[in-house]
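The listed protein sequences correspond, in order, to chains A and B.
The opening residue of the first sequence carries number 0 in numbering that gives the first Met the number 0; numbering runs sequentially from there.
The opening residue of the second sequence carries number 0 in numbering that gives the first Met the number 0; numbering runs sequentially from there.
Take a look at the structure below.
Protein chains: 2
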Amino acid sequence: MSQKRPSTIALKWRTHAPVFAALGDETRLALVVKLAGGRPYSISQLTQGSRLTRQAISKHLRVLETAGMVQSVRAGRENLFRFSPRPMEGVKEYLDFVSQQWDRALSRLKAFVET
Amino acid sequence: MSQKRPSTIALKWRTHAPVFAALGDETRLALVVKLAGGRPYSISQLTQGSRLTRQAISKHLRVLETAGMVQSVRAGRENLFRFSPRPMEGVKEYLDFVSQQWDRALSRLKAFVET
DNA sequence: ACATCGCGCAACCATCTAGTTGCATTTTCA
DNA sequence: TGAAAATGCAACTAGATGGTTGCGCGATGT
């Protein structure tokens, strides 16, 4: 948890923003949660229980795939999608970085007030 | 080991998705990082150094504000914005939850393979 | 062999979004 | 008092986004 990852993180919103954007849709967020359960699902399976069309789900999966959060493998006539954790880890690091920034700012403020 | 707790977290993408969406834009992500530095900024100050219009920045700040990530206070003729950490904390929790789900899935898979 | 399942492609549509410009309003300060 | 600064409000545009429907095609199972 305490890896010293310096300023390489700071200016990478160019790579992180698409991941956040991919998570910014309720449908996609639900898909991510389901796939993070470990089991791969086909498009039709993921469509089951959602009142959306198969095409809609398919499009959402494409978005997640281009964001790198999901990988697809063709298995016969069906296309299996499985979760891919790396982008989310990157995004978590980023949020931790911002939180740290904020916490340090508060500490400085507190130190200043107490003088 | 299956805690029946997670329903408090699991089904909250309805509240988390807007925060992710707010972070899903490069401009807004940059604004968040800047404001997380601790110091409050006015709209004009935040516009400085960005090739966007003041109105564009203003709109982005509105988006961040309705997502709860930023709070504004009127100070004379200028409007000061400061970072608000709670939504980001919630989102971090959520990502941790998904990661845990994934890690446990991997553990189960490993245990299964090793039998 | 053939019906069916799962999928991709394409067109189409409505709405949202990011951005602009123009103008009005309030606050500051010389 | 009056100019300039900081903001708000409104209208508008181009392009992205989320969703649908229709059709065609390769894989599957009986």
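Positions of the beta carbon are idealized from the N, C-alpha and C atoms, including for glycine.
Name, in chain order, the residues that DSSP records as bridge partners for residue 79 of chain A. A/41, A/72
Using a C-beta cutoff of 7 Å, does residue 28 of chain B count as contacting chain A? yes
Report buried or exposed for residue 51 of chain B, applying the criterion of at least 16 other Cβ atoms within 10 angstroms of its Cβ. exposed
Check for me: the alpha helix (DSSP H) holding residue 86 of chain B runs from which residue to which? 85-112
Residue 77 of chain A to residue 63 of chain A span [Cα, whole Å]: 18 Å
Taking 7 Å as the threshold (C-beta atoms), are residue 46 of chain A and residue 38 of chain A in contact? no
Whether residue 27 of chain A touches residue 21 of chain A by CB criterion (7 Å): yes
Identify each residue in the segment 42-68 of chain B for which the Cβ-Cβ distance to at least one residue of chain A is less than 9 Å, and report them in chain order. none
Could you work out which residue in A/25, A/105, A/107 is closest to residue 16 of chain B when comparing CA atoms only? A/25
Run through chain A and tell me which residues come within less than 9 Å of residue 98 of chain B, C-beta to C-beta. 35, 84, 87, 88, 91
Three-state class that DSSP yields for residue 47 of chain A in the structure shown: coil
Determine, using beta carbons only, whether residue 91 of chain B and residue 94 of chain A come nearer to each other than 7 Å. yes
Other residues of its chain near residue 41 of chain A: CB distance less than 7 Å, five sequence neighbours each side excluded: 77, 78, 79
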